[in-house]
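Chain order of the listed sequences is A and B. Note that the working numbering has the first sequence beginning at 1, numbered continuously upward. Note that the working numbering has the second sequence beginning at 76, numbered continuously upward. Okay, structure first, notes after.
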Amino acid sequence: MRDGINIANLGIPAVALVTEEFWAQGDFVAQSLGMPAVPRVQLPHPVAGTDTVTMHKIAELVAPTIIQALEGGDD
Amino acid sequence: MTDLLSSADEAQALEDLHQRGCTDGLPVVIPTDDRVARMVLASGQAGDMVLGTMGPGHGVASIEKIAVAAVMAGCLPDYMPVVVAAVKAVIEPAFDLTEMQATTHCTAPLVIVNGPARHNCGPIVSGTGALGPGHRANASIGRALRLTMINIGKARPGSSDMALLGHPGKFTYCLAEDEEGSPFPPLHVSLGFAAEDSVVTVVGAEAPHSVLFAGDGDDPESYAALLDLLAMALANAPSNNAILTGGFATIVLNPEHSAILHKAGLTREDIARELYERCYLTPEMVKRLMPAFAGDNPSRRMAFKGPEQILIMQAGGSGLYSMVMPSWCAGAHSNSAVSIKVEADVFCEIPSFSSA
Chain A
1 MRDGINIANL GIPAVALVTE EFWAQGDFVA QSLGMPAVPR VQLPHPVAGT DTVTMHKIAE
61 LVAPTIIQAL EGGDD
Chain B
76 MTDLLSSADE AQALEDLHQR GCTDGLPVVI PTDDRVARMV LASGQAGDMV LGTMGPGHGV
136 ASIEKIAVAA VMAGCLPDYM PVVVAAVKAV IEPAFDLTEM QATTHCTAPL VIVNGPARHN
196 CGPIVSGTGA LGPGHRANAS IGRALRLTMI NIGKARPGSS DMALLGHPGK FTYCLAEDEE
256 GSPFPPLHVS LGFAAEDSVV TVVGAEAPHS VLFAGDGDDP ESYAALLDLL AMALANAPSN
316 NAILTGGFAT IVLNPEHSAI LHKAGLTRED IARELYERCY LTPEMVKRLM PAFAGDNPSR
376 RMAFKGPEQI LIMQAGGSGL YSMVMPSWCA GAHSNSAVSI KVEADVFCEI PSFSSA
């Protein structure tokens, strides 16, 4: 979340990928760093240790949303 | 000026503070105007003096807000300089407070106190049961730091403090070094401070891991087994130190274990170097145990960047057990230990306020 905000602060389009378990923390960090509307996309939790097939499925699921967010659309 | 809350009485105020998530779950002393003012006065500094901000909420750590936490924790005004120094330490960028507060790891700041403040701002206990219950200064100083992390840093479990389980040291985690009983120079002297300085060292730490060792008086080489055992506990294979590497860790030697190592001719620096050389994983272990962290061609993985990342102190009662505290060791600065001089000459000479 913090990386996404730091990159956005550099003027580079950014979208933070946040797992559902950390969604509330993402909101907190976005608020505390003064960028509550920073684009973010929710992933299932956990991602760490996920097998390759499942990871590809997740990627296919969220890729359009990530692209939409980077293009400035609603997430 | 800190905003004031109002309640019908102290019992209701306590419930309000619990309800607002401002406590650690235990009852607190209600930080009334008078109590906070007395704590600020004991600091010798203006209440609106700002030490910095505390993440992840980036709240402003003023002397007054720190005083509020000290009152809530049950500190005597005498303890205030140590609390202030501890807050200064965790605010230093090298400590990576924001990331540390938000991690899923269990880490907590361990507060180590050296120098005259152990007596003048306490007593802060270094002997039997120093990390256990029953020692007011140890208990309330560590708790005050935690309350600043909750109420100024805004670390709340599940939303901004993401520790999967945490550990009991997240309530309070403070002790002094047994300088008088140690055969080695005080820790703060080894870190470059003068012996007459009072110093707070804050280091991220897991819960203490016990290390059992009974020396063999007939075997002059038995000290090497103690070093082996300490190293096994310090960088045990599933620890962050062993896997992520490059963070600090703490060793609390009991008097017997200190004496064994000292009798073997080892200085604190020698012990740290011996442990550094023993703390590693082989390429085979890295590949088998942690393929996600192995990379393409794993080599011997040293747990520490150097011996200076292993803090060694003496504390605790006489017996068979020392303690080691591995750490989280992530963050931009690997959650480095930070030592800050206590400004005790300013803070501690207000005897009329020391027994309130």
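Glycine residues also receive a C-beta, built at the ideal position from the N, C-alpha and C atoms. Here the structure is a predicted model, which means the values were calculated and not measured.
*Could I get the ranges of all uninterrupted alpha helix (DSSP H) runs contained in the segment 149–221 of chain B, with 4 residues as the minimum, in chain order?*
155–166, 172–177 and 192–195
*Short-range partners of chain A found in the segment 397–410 of chain B, where Cβ spacing is below 8 Å*: none
*Taking A/Gln68 as the query, report the chain B residues whose CB atoms sit under 7 Å from its CB, ordered along the chain.*
Here the premise fails: no neighbours, minimum Cβ distance about 27 Å.
*Among residues of its own chain, excluding the 5 on either side of B/Ala148, which ones have a beta-carbon nearer than 6 Å to its beta-carbon?*
Ser215, Arg218, Ala219 and Leu222
*Are the beta-carbon atoms of B/Lys416 and B/Phe268 separated by less than 8 Å?*
yes
*asked:* Please confirm whether A/Gln25 has its beta-carbon closer than 8 Å to some beta-carbon of chain B.
replied: yes
*Element boundaries [alpha helix (DSSP H), containing B/Tyr396]*: Where B/Tyr396 is concerned, there is no enclosing alpha helix (DSSP H), although the beta strand (DSSP E) it sits in stretches over Tyr396 to Met400.
*DSSP three-state call for B/Tyr248: helix, strand or coil?*
coil
*Examine chain B for any beta-carbon lying closer than 8 Å to the beta-carbon of A/Gly49, and answer yes or no.*
yes
*Please report the residue range of the beta strand (DSSP E) in which A/Arg40 lies.*
Arg40 to Leu43
_Residue from B/Gly391, B/Gly100, B/Thr107 and B/Asp99 whose Cα sits closest to the Cα of B/Leu80_ = B/Thr107
*Taking one C-beta from the segment 175–186 of chain B and one from the segment 137–156 of chain B each time, how about it: are there three or more such pairs within less than 8 Å?*
no
*Closest by C-alpha distance to B/Gly228, when choosing among A/Ser32, A/Ile67 and A/Thr54*: A/Ser32
*According to DSSP, what are the bridge partners of B/Asp236?*
B/Pro232
*Assign A/His45 to one of two classes, buried (16 or more other C-beta atoms within 10 Å of its C-beta) or exposed (fewer than that).*
exposed
*Residues near A/Ala16 in its chain [Cβ-Cβ closer than 6 Å; skip 5 each side]*: Met1, Gly4 and Arg40
*Beta-bridge pairing of B/Met388 - partner residues as DSSP gives them*: B/Val327
*Between A/Val78 and chain B, is there a C-beta pair that is closer than 8 Å?*
Look at the range of chain A in this structure, 1 to 75, and you will see that residue 78 of chain A is not part of it.
*Coil, strand or helix - A/Gly26 by DSSP*: Annotated three-state conformation of A/Gly26 is helix, per DSSP.
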